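First the structure, in the form of structure tokens, and then the observations on it.
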Amino acid sequence: MNILDFYKEYPDELSCKLKFKSIRDKEGIVCKKCNCKKHYWKKDKWSYECKQCKYRTSLRSGTVMQSSKLPFQYWFIAMHLLTATKKSFSAKEMQRQLNHKRYEPIWLMMHKIRSVMGLRDNEYQLTDSIELDEGFFETVNKKLSKDEINKRGRGSQKQTTVLVMIQSKENKGNKNKNRPDKKVGYLKMKVIHNLKSETINQKIETGVEPDTDVVTDNYSSYKKISQTINHTAYKVDKTNVNKVLPWVHKAISNAKRLLLDVHHRIDDDFLENYLNEFCYKFNRRYFQDKTMERLIVAGVNHRWNEL
Ligand SMILES: [Zn+2]
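All the letters of the sequence shown, read from the start, carry residue numbers 1 to 307 under UniProt numbering.
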């Protein structure tokens with residue numbers, strides 16, 4: 001969807017509200033009080049009323065927009081700009097584009113959208129065969145006091161570890177020598193706080209289907225990797241990296257470059273949200289026009305993870 005199509009479809013606040021309502025109607029509303037699924041639409045209140053107990057659910061309640069006071073159109077513009085562009089938008093840039101006075105609500109809106117992207121992708125597990133490796137992303141710890149920062153000498157900068165899993169399988173008949181010998185599928189990136197095998201296994205068990213073939217390097221953390229998958233470890237060096245782990249390294253360097261370009265200093269608490277956006281877009285790179293609509297559906301069905 002380009003910007004002209006967007007403005008044709010969503011020229012004002014009302015068109016955005018109606019679109020959001022039509023998707024909620026399709027997805028279904030469940031009463032918080034009595035679990036009833038049948039509702040009247042109270043047009044004057046922009047709310048659903050439970051047929052059984054009369055409890056009212058506002059159009060935003062239970063969705064990504066819950067408790068937000070920003071116009072629906074802001075949310076739609078943000079979802080459009082985040083999905084229609086290859087790169088990303090900083091909250092500062094979004095604030096400028098929306099001409100909004102305060103930074104904080106725009107920043108929060110964008111993180112809620114990214115959080116929902118992550119929740120949506122968490123519903124899928126990787127399967128077939130995957131490459132797995134860790135990447136170290138430069139972040140800052142904004143919770144440190146000035147004294148603590150001075151004591152550390154290196155300021156508040158730190159490296160945050162990210163476990164990266166990407167589906168890839170043999171690309172038979174590949175004649176292009178510049179392309180890796182593997183075809184790429186879906187991607188997951190998860191922040192981890194250490195490289196212990198329990199931590200890695202927990203991510204594998206939630207993110208990867210049992211019996212999946214998993215390829216790693218022979219780093220010691222991967223020695224006691226989960227029993228639920230078929231693990232092969234290789235000694236990886238410059239000569240075979242393009243054969244064994246081509247895509248996981250590509251994904252890590254692309255994500256690092258993009259994040260540095262757009263966001264500069266990333267708070268380690270929010271790194272996973274930025275990665276959610278990166279993965280969500282990567283995983284839908286062939287969706288084209290449908291990406292925005294699918295994101296609205298995700299926003300209707302998911303609230304955000306507590307920020
Ligand atoms: Zn009810």
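Here a beta-carbon is modelled for each residue, glycine too, at the ideal position from N, C-alpha and C.
As the structure is a prediction and not an experimental result, all values here were calculated from the model.
Separation of LYS188 and ASP44 (C-alpha to C-alpha, rounded to the nearest whole angstrom) is 43 Å. In the three-state reduction of the DSSP assignment, VAL30 falls in the coil class.
The C-alpha of ILE130 is placed about 28 Å away from the C-alpha of ILE266.
Taking the C-beta atoms as reference points, TYR274 is found no nearer than 7 Å to LEU260.
Residue state for HIS231 is assigned as strand, using DSSP reduced to three classes. Taking 6 Å as the cut-off, one finds no heavy atom of ligand 1 near enough to the beta carbon of LYS37. ILE106 and GLU93 have their alpha carbons spaced roughly 10 Å apart. The Cβ-Cβ distance between MET165 and LEU119 does not fall below 7 Å.
DSSP places THR57 in the uninterrupted beta strand (DSSP E) bounded by 56-58. A distance below 7 Å between beta-carbons, with the five flanking residues on each side excluded, links GLU205 to the following residues of its chain, in chain order: SER226, THR228. The Cβ atoms of PRO71 and GLU9 do not sit closer than 7 Å to each other. The beta-carbon separation of LEU126 and TYR186, rounded to 6 Å, stays under the 8 Å limit for a contact. With contact defined as three or more Cβ pairs closer than 8 Å, the region 55-69 and the region 233-240 are not in contact.
By alpha-carbon distance to THR160, the top candidate from TRP247, ASN141, TYR103, ASN283 is ASN141. The DSSP-derived three-state label of CYS53 is coil.
The three-state secondary structure of GLU131, taken from DSSP, is strand. A distance criterion of 6 Å places the beta-carbon of TYR55 in contact range of ligand 1, judged by its closest non-hydrogen atom.
Annotation: the continuous alpha helix (DSSP H) that includes TRP75 extends over 72-84. Annotation for GLU49: HIS39, TYR40, LYS42, ARG56 place their beta carbon closer than 7 Å to its own, counting only its chain and skipping 5 residues before and after.
Non-local C-beta neighbours of SER90 in its own chain, meaning closer than 7 Å and more than five positions away in sequence, comprise VAL262, HIS263, ordered along the chain. In this structure, DSSP gives GLY62 a state outside helix and strand, which the three-state scheme calls coil.
Counting only the Cα atoms, ARG179 lies some 16 Å from ASN254. Collapsing the DSSP output to three states places ILE192 in a strand. In the assembly as shown, VAL30 is an exposed residue. Its beta-carbon has fewer than 16 other beta-carbons within 10 Å.
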